[in-house]
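Number of protein chains: 2
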Amino acid sequence: MLTTQLSDARPAPLSLATPSPSGAAWQRQAKLWSSLKEVCDLLRIPAKLGTDDFQFQHMQFKAGQRIHTIGQPFDMLYVVNSGFLKTVMIDELGNEQVLGFPMKGDMFGIDGIHRKQYATETVALSNCDVILIPFKVFAGLGRSHPELEASIYAVMSRELVREQAMVGTLGSLSAEARVARFLVFLSERFSEMGYSGTQFNLRMTRQEIGNYLGLTLETVSRTFSAFNTIGLISVDQRAIVVHDLQSLRTLRRLPPSRVRAKAEAKAKPAAAAA
Amino acid sequence: MLTTQLSDARPAPLSLATPSPSGAAWQRQAKLWSSLKEVCDLLRIPAKLGTDDFQFQHMQFKAGQRIHTIGQPFDMLYVVNSGFLKTVMIDELGNEQVLGFPMKGDMFGIDGIHRKQYATETVALSNCDVILIPFKVFAGLGRSHPELEASIYAVMSRELVREQAMVGTLGSLSAEARVARFLVFLSERFSEMGYSGTQFNLRMTRQEIGNYLGLTLETVSRTFSAFNTIGLISVDQRAIVVHDLQSLRTLRRLPPSRVRAKAEAKAKPAAAAA
DNA sequence: CGAGTACTTGATGGTAGTCAAAATCAGTGG
DNA sequence: CCACTGATTTTGACTACCATCAAGTACTCG
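Sequences listed follow chains A and B, in order. Here the numbering used here runs 1479 ahead of the position in the first sequence, where the first position is 1. Here the numbering used here runs 1479 ahead of the position in the second sequence, where the first position is 1.
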């Protein structure tokens, strides 16, 4: 109901041999292989430079394509090199639950290790470039590169902490605070990736945001509008401009509407001037 | 405000040598050491029997004691051998968020790997027996016991999947459905541990349950009462008897109160007969 | 037995969900 | 290029669920 045209896409027969640029470009001038060092940098973990023995294959996905699906046998972890995705769980009644929006530097697919099949599915929200990490290789890195061992566990721990923070958000914050946090999160991620942290386009629908935050799409839309009228952000469809990141950071609950009327009166001329 | 008397407790000087029963019993006849095989069994992961080279120290905690605290330097993972605990996160305003109730066979402390300090704190809800796994030893097991490598990652993946399921629960279910799920979860865990799955005592307060489920303690109490009157369970303070596990499993939302009046009329004689 | 904590139950209000309709956007094919 | 279709977004009106406040009861433990 949500998604338009989904299509599966499995990697071409995977050879772990050295890069073979002759191997028929899957898509024009996309980077096809990355070294271990490059993957570590992407994941923001320290890597001893020099000994580049492993090469990891890239794969391109178009918006709407699935990277992996629920129940599919697990054999691969993924690292986002570029693009935006969403990871969803589907419950017994077929309801989707968005669990995250992997972007550059994020690893996904970790949930598949437990039962040797993926518990979630991940879909590209834009054209994406994803690095494939065969799990056997990943696990073996701890043996072949002992200095990486701790970092490997750290990457998995990071995902756990992320989910824990999400539970905290869902369990205790108001709708407005959740949306505010979401914007702060996006702002920070975009900054880290070298883009503007104050001006960006959402890659996901209100529906997906709401689902992720445990809200309805209407509530998300209304909250964006409210933030807009009090001057915290400007929003036009998917285009966001963040005016007051600090207020978003500390926002717990919007003042009640009669009080808000004053704030609007103050905010409007300011917005008009800008 | 929630907790009564908390006290820190650090392990006695930790020696990784062979068990020394002469080393002055920390508490009378508690098991002080476990082999690698025993720990694997506890964690429900396959372990090649035989070569028992590692021994892991146990530690006893009394109800109310903290096993680890937020910000404390991370060096240890924990596996519950017996007893009940809670893991909580504390946000910038000092609000607690209960993240889980570790019990027999659960590993906790994993969140500490990421930043080399614990992101959560874990408190004993009852007297507990906990196995200490020094992280360095844990991580090294992948090297020394390659057949364990996948299982080690699987244990971490399992925790991630658990949190993901929690996000799904918080994000999409009604109060009644959350409480129902919680009871099903407890029932299943008690069964697995060899206790009755239909008759057990809660080890946590309504406050803690509510916090865990993103509800208030009053809502939890009311929901228990509602389940009681329609005959799904019997509840008396902390004592629970599950009468209809299947209904709890599939419950999404309680029927509106006028319909419920009929169900009560039907349920009451049955409850009186029992 | 008394003090403090935990639990139950009731009354009330606010937050966010639901239903609905209109406006805007994206993509398609004529 | 533009009309057309379907998806997305906005906004409004209404409602239900659950939080809040409050009071009373039942446990627990020193």
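Here a beta-carbon is modelled for each residue, glycine too, at the ideal position from N, C-alpha and C. The structure displayed is predicted, hence computed values, not measured ones.
Quick check on the DSSP output: what are the complete alpha helix (DSSP H) runs of length 4 or more inside the stretch 1641-1723 of chain A, in order along the chain?
1654-1671, 1685-1692 and 1696-1708
Let's see if you can read the secondary structure: which residues bound the alpha helix (DSSP H) around A1618 of chain A?
F1614 to S1623
Can you check DSSP and say which residues form a bridge with Q1551 of chain B?
Answer is none; Q1551 of chain B lacks a bridge partner.
Contact with chain A by S1726 of chain B, beta-carbon distance below 8 Å:
no
Any idea if L1572 of chain B is buried or exposed, counting beta-carbon neighbours within 10 angstroms, 16 or more meaning buried?
With fewer than 16 other beta carbons inside 10 angstroms of its own, L1572 of chain B counts as exposed.
Between the alpha carbons of P1525 of chain A and C1519 of chain A, how many angstroms are there, rounded?
Going by the C-alpha atoms only, they are around 7 Å apart.
Would you list the residues sitting across from E1600 of chain B in a DSSP beta bridge?
B:V1567
Buried or exposed for N1680 of chain B, please, with buried defined as at least 16 other CB atoms from any protein chain shown within 10 angstroms of its CB.
exposed
Which residues in chain A sit within 7 Å of H1593 of chain B, going by Cβ to Cβ distance?
Neighbours of H1593 of chain B on chain A, chain order: A1633, S1636, R1637 and V1640.
Under a three-way DSSP split, which group does R1545 of chain B fall into?
strand
So that I know if they touch, is there some Cβ in chain A lying closer than 8 Å to that of L1578 of chain B?
yes
Out of A:I1612, A:L1522 and A:M1683, which one is the CA nearest neighbour of F1535 of chain A?
A:I1612
Please classify P1581 of chain A: is it buried, with 16 or more other beta-carbons within 10 angstroms of its beta-carbon, or exposed?
Flag for P1581 of chain A reads buried.
Answer yes or no: does any C-beta atom of chain B fall closer than 8 Å to that of L1564 of chain A?
Taking a beta-carbon distance threshold of 8 Å, L1564 of chain A does not count as an interface residue toward chain B.
In the structure shown, what three-state DSSP assignment does I1442 of chain B receive?
Chain B is shown only over 1480 to 1753; residue 1442 of chain B falls outside these bounds and no answer can be derived.
Tell me the rounded alpha-carbon separation between D1590 of chain A and E1638 of chain A.
10 Å
Cβ pair V1558 of chain B, M1586 of chain B closer than 8 Å:
yes
Comparing C-alpha positions only, which one of B:T1599, B:I1546, B:L1556 and B:K1595 sits nearest to V1567 of chain B?
B:T1599
Within its chain, find whatever has a CB closer than 7 Å to the CB of L1556 of chain B; leave out the 5 residues flanking it on each side and keep chain order.
M1586, G1588, I1589, I1612, F1614 and F1617
So L1724 of chain A and V1663 of chain A are supposed to be a Cβ contact under 8 Å. How far apart are they, rounded?
7 Å
Check the Cβ-Cβ distances between L1618 of chain A and every residue of chain B, and say whether any is below 8 Å.
As written in the sequence, residue 1618 of chain A is Ala, which differs from the Leu given in the question. At least one chain B Cβ lies under 8 Å of A1618 of chain A.
When the Cα atoms are used, what is the spatial distance from V1714 of chain B to V1699 of chain B?
Rounded to whole angstroms, the separation of the alpha carbons of V1699 of chain B and V1714 of chain B is 12 Å.
Short CB-CB distance (under 8 Å) between Q1686 of chain A and chain B
False, the Cβ-Cβ gap to chain B never drops below 8 Å.
I want to see whether chain B comes within less than 8 Å of W1505 of chain A, judged by CB atoms only; does it?
The predicted model places W1505 of chain A with a pLDDT of 42, which falls under 50 and marks its position as unreliable; any figure quoted below should be read in that light. No, because no Cβ of chain B sits closer than 8 Å to the Cβ of W1505 of chain A.
CB contact check: Q1534 of chain B to chain A, cutoff 8 Å
no
Give the straight-line distance between the Cα atoms of T1729 of chain B and E1671 of chain B, rounded to the nearest whole angstrom.
Each residue's Cα considered, the two are about 21 Å apart.
Could you give the DSSP three-state label for L1515 of chain A: helix, strand or coil?
helix
Pull up the distance between the alpha-carbon of L1652 of chain A and that of E1655 of chain B, whole angstroms please.
20 Å
What are the boundary residues of the beta strand (DSSP E) that F1540 of chain A is part of?
Q1534 to F1540
What is the DSSP secondary structure of I1631 of chain A, counted as helix, strand or coil?
helix
Note down, in chain order, every chain A residue with its Cβ under 9 Å from the Cβ of E1628 of chain B.
Here the neighbours are A1618, G1619, G1621 and R1622.
Return helix, strand or coil for S1726 of chain A, following the three-state DSSP convention.
Helix.
Which term fits K1595 of chain A, buried or exposed, when burial requires 16 or more other beta carbons within 10 angstroms of its beta carbon?
exposed
Hey, is I1589 of chain A's beta-carbon within less than 8 Å of any beta-carbon in chain B?
yes
In whole angstroms, what is the alpha-carbon distance linking S1514 of chain A and L1528 of chain A?
10 Å
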